[in-house]
Amino acid sequence: MKPRRQNPNLRLRLYVLAAVLLGGSALLVARAAEMQLLRSEFYQQKGENRFLRDIPIPTSRGMITDRNGEPLAVSTPVASIWANPPELLKTPERIPELAAALGLDPGVLRQRIDERAEREFLFLRRHMNPDDAEVVMALGIPGVNSQREFRRFYPTGDIAAHVLGFTNIDDVGQEGLELAFNDWLTGAPGTKRVIRDRKGRTVENVDLVRPAKPGRDLALSIDRRLQHLLYRELKRALEENQAASGTAVITDVATGEVLAMVNLPTYNPNTREGADPSNRRNRAVTDVFEPGSVIKVFTVAAALETGRYQPETLIETSPGYMPLARHTIRDIRNFGTVDLTRLLTKSSNIAAVKLALDMPNEHLHDVLRRFGFGELSGAGFPGESPGVLTSPRRWGVLEKATISYGYGLSTNALQIALAYAALGNGGVMMPATFVRGGAGQGRSVIDPDLARTLVGMLETVTGPEGSATRARVSGYRVAGKTGTSRRSIAGGYEKRYVSLFAGLVPVSNPRLSMVVVINDPDPAQHFGGLVAAPVFGRAMADALRILDVPPDDVQQWYVAAPLTPMPGIDGELPPEAEAAAAPLPDSGVPE
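According to the numbering used here, the sequence shown holds residues 2 to 592 in order.
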């Protein structure tokens with residue numbers, strides 16, 4: 002007999018199922034209430050952390066212009082390609098395609114991605130042309146994105162490279178004025194809040210957190226036109242004289258503004274790859290040298306300031322050489338009796354030494370220091386060297402004698418240009434500046450009448466009997482001084498030369514000061530009047546025309562005759578007499 006089957010209690014089952022469903026619903030409602038009401042901020046933050054991002058808004062660096070508003074450095078928009086390595090590695094078969102679009106080696110690219118597989122950000126290529134970047138993005142490779150940045154561009158290329166310097170790949174100044182004014186030129190990046198999908202793509206701009214603030218523009222004192230012509234003439238001089246390097250500086254006499262500064266060899270800041278690092282330094286402010294005879298005018302200034310000398314005071318230089326402290330000071334020939342003006346005209350070493358020995362060490366040192374030697378120029382240029390001017394307490398007789406004609410102290414090209422500008426500015430020394438508008442007030446370093454007297458004396462150097470006839474400019478009165486010094490080595494001097502010319506124009510109302518320094522010219526023709534002075538003459542002829550400076554010697558246009566270079570110029574011996582004037586083994590200076 003079969004057991005009796007019990008009828009299932011359907012109603013009970015229904016009640017149990019309903020209770021389970023209601024309980025589950027209650028739990029869901031409670032959980033939802035917790036998430037939505039009690040812990041909503043926590044979960045909202047978690048969600049935003051996955052999809053909401055604050056990303057920087059790049060901003061452009063301030064533009065650098067010349068004094069006339071012509072651009073010298075500008076920032077142009079570019080695109081940088083970056084990737085999310087974990088996302089990109091999900092499709093490794095597309096890496097060769099990506100490498101081809103980026104112009105990279107596939108193996109190298111894969112290695113870079115593998116090494117950073119745990120990171121979420123990796124630059125693949127920086128500063129691409131935006132059109133080329135669009136081609137990459139059009140491939141639609143997962144994990145690959147584009148970012149807008151800015152790249153610095155220098156329209157003048159290598160012509161103004163040493164003044165401007167350059168920025169690194171992150172648009173931060175590294176050298177030159179880009180470094181000196183980096184804080185001024187650098188803008189403040191902005192921030193915007195966006196929503197990104199799981200592939201890193203921006204799908205919505207949510208909010209502008211902070212607007213981008215562009216960098217401020219910088220107007221330099223540099224005149225682009227003068228920079229070009231000075232570069233041209235300096236390059237010509239180096240080629241004609243087979244010289245190793247050169248520097249030239251033009252400053253505004255009244256303001257101390259640097260109007261042009263050129264160094265050769267140079268480099269192109271737009272494409273620095275492969276450039277010799279030694280060509281990047283601004284020789285006009287970083288390289289110091291013994292200036293030679295261009296210092297003699299300051300020795301004369303110190304003598305005149307004592308009141309015991311006048312421009313017409315006579316000094317005996319016969320027989321053309323002078324024993325001193327077991328050494329011999331020489332002139333290129335026996336000039337006989339000379340006055341202080343003729344001392345500069347003929348560049349007599351002996352006369353300069355006799356002046357120096359007749360005044361206290363402290364006085365000569367004070368005059369040189371007042372004219373800026375041994376001190377920074379005030380321009381604030383990175384890496385500037387102040388040069389060396391030793392304490393007068395350390396001067397022996399020989400040291401004092403050699404300083405009087407430009408040995409035993411060191412200076413840079415900018416310092417010489419500023420010192421000569423002070424003579425043309427009525428004895429007022431202006432601090433150097435690369436910013437349009439000048440650096441402010443100058444300081445009086447010498448009596449105005451004495452300064453004008455010295456400029457008049459220097460004018461004879463470019464006259465028919467002077468050592469710098471090739472520095473003359475048709476229609477203008479030119480004052481200046483040549484210099485030729487030997488390069489120092491350990492234990493003495495070698496037969497390598499530095500040829501210089503420093504001058505002012507026009508004499509009646511000096512407007513421009515300029516110095517030219519040529520390193521290692523052909524030894525057969527190394528004198529400052531033959532190597533450096535022509536650069537001054539040719540460059541100033543164009544500069545005065547460009548700046549519309551009125552001539553102060555109009556009659557010269559009608560009576561000008563071909564100029565004949567003077568042999569044995571600048572207080573140095575002509576080539577055929579060098580053997581007789583070679584320095585003694587222990588002299589320390591060329592005689």
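Ideal Cβ positions, reconstructed from N, Cα and C, are used throughout, including at glycine.
No experiment lies behind these values; they were computed from the predicted model shown.
Could you give the distance in angstroms between the alpha-carbon of residue i and the alpha-carbon of residue j?
i, j, result
"E306", "L451", "8 Å"
"E385", "G504", "22 Å"
"S405", "R331", "13 Å"
"P278", "E466", "43 Å"
"A285", "V456", "24 Å"
"V532", "G188", "45 Å"
"R237", "V254", "26 Å"
"G441", "A380", "12 Å"
"L358", "A402", "7 Å"
"V518", "N413", "9 Å"
"G293", "G439", "30 Å"
"L11", "A27", "24 Å"
"V137", "L186", "32 Å"
"A480", "E241", "24 Å"
"M567", "A276", "Residue placement at M567 is flagged as unreliable, the pLDDT there being 36, under the threshold of 50; the coordinate-derived value follows with that caveat. Spanning the two alpha carbons is a distance of roughly 40 Å."
"P87", "R68", "51 Å"
"A534", "G216", "42 Å"
"T314", "M458", "13 Å"
"H527", "S348", "16 Å"
"V145", "T272", "27 Å"
"V506", "V550", "10 Å"
Hey, quick one: how far does the alpha helix (DSSP H) through residue i stretch, first residue to last?
i, result
"A357", "350–358"
"R334", "Counting along the chain, R334 falls outside any alpha helix (DSSP H), and DSSP gives it neither H nor E."
"D133", "131–138"
"A101", "96–103"
"L315", "From DSSP, L315 is part of no alpha helix (DSSP H) but of the beta strand (DSSP E) over 315–317."
"Q442", "From DSSP, Q442 is part of no alpha helix (DSSP H); its letter is neither H nor E."
"M458", "449–460"
"D367", "362–371"
"Q37", "Here Q37 belongs to no alpha helix (DSSP H), and DSSP marks it neither H nor E."
"D253", "Looking at the DSSP string, D253 is not in any alpha helix (DSSP H); the run it does join, the beta strand (DSSP E), is 246–253."
For the beta strand (DSSP E) containing residue i, name the first residue and the last one.
i, result
"T470", "It is not in any beta strand (DSSP E) - T470 carries neither H nor E in the DSSP assignment."
"P511", "Neither: P511 is in no beta strand (DSSP E) and is coded neither H nor E."
"Y322", "322–325"
"M541", "Not the beta strand (DSSP E): M541 falls in the alpha helix (DSSP H), residues 534–547."
"G177", "Here G177 belongs to no beta strand (DSSP E); instead the alpha helix (DSSP H) covers 177–181."
Say whether chain C places a C-beta atom closer than 7 Å to the C-beta of residue i.
i, result
"T66", "Among the chains of the structure shown, chain C does not appear; only one protein chain is present."
What does a CB cutoff of less than 8 Å around residue i pick up in its chain, not counting 5 residues either side in sequence?
i, result
"L564", "Annotation note: pLDDT 44 at L564 (below 50); position unreliable, coordinate value reported separately. Contacts found: T470, R471, R473."
"P107", "I96, P97, A100, A101"
"R14", "none"
"E280", "Correcting the residue type first, residue 280 is Asn in the shown sequence and not Glu. Hits under 8 Å: P266, T267, Y268."
Please go through the same chain and pick out, in chain order, the residues whose beta-carbon is closer than 6 Å to the beta-carbon of residue i, but skip the five residues on each side of it.
i, result
"V429", "G443, S445"
"P552", "G476, Y477"
"A245", "N520, D521"
"N350", "I330, D332, Y406, G572"
"I547", "R226"
"G373", "Q416, L419, A420"
Among the residues of its own chain, which have a CB less than 7 Å from the CB of residue i, if the five just before and after it don't count?
i, result
"P449", "G427, G428"
"P320", "N335"
"G256", "Here residue 256 is Thr; the residue named in the question, Gly, does not match the sequence. The residues are M431, G439."
So residue i and residue j are in contact, right, with Cβ under 8 Å, and what is the actual spacing, rounded?
i, j, result
"E291", "L410", "7 Å"
"K91", "P143", "6 Å"
"H163", "M262", "7 Å"
"A422", "S514", "4 Å"
Exercise for the section: Please determine if the stretch 260–271 and the stretch 323–337 are in contact, where contact requires at least 3 C-beta pairs separated by less than 8 Å. Expected result: By the Cβ criterion, the stretch 260–271 is not in contact with the stretch 323–337, since fewer than three pairs of Cβ atoms, one from each stretch, lie closer than 8 Å.
Problem - Inter-stretch contact at 8 Å, needing at least 3 Cβ pairs: the stretch 64–84 / the stretch 145–160 - result: Contact between the stretch 64–84 and the stretch 145–160 is present, because at least three Cβ pairs lie under 8 Å.
Exercise for the section: Please determine if the stretch 109–121 and the stretch 170–183 are in contact, where contact requires at least 3 C-beta pairs separated by less than 8 Å. Expected result: Pairwise C-beta distances place the stretch 109–121 out of contact with the stretch 170–183, as fewer than three of them are shorter than 8 Å.
Exercise for the section: Would you be able to state if there are at least three C-beta pairs under 8 Å between the stretch 530–546 and the stretch 228–242? Expected result: Cβ pair count under 8 Å is three or more, so yes.
Practice task
Inspect the CB distances between the stretch 390–400 and the stretch 358–371 and report whether three or more fall short of 8 Å.
Solution key: Verdict: yes, contact present.
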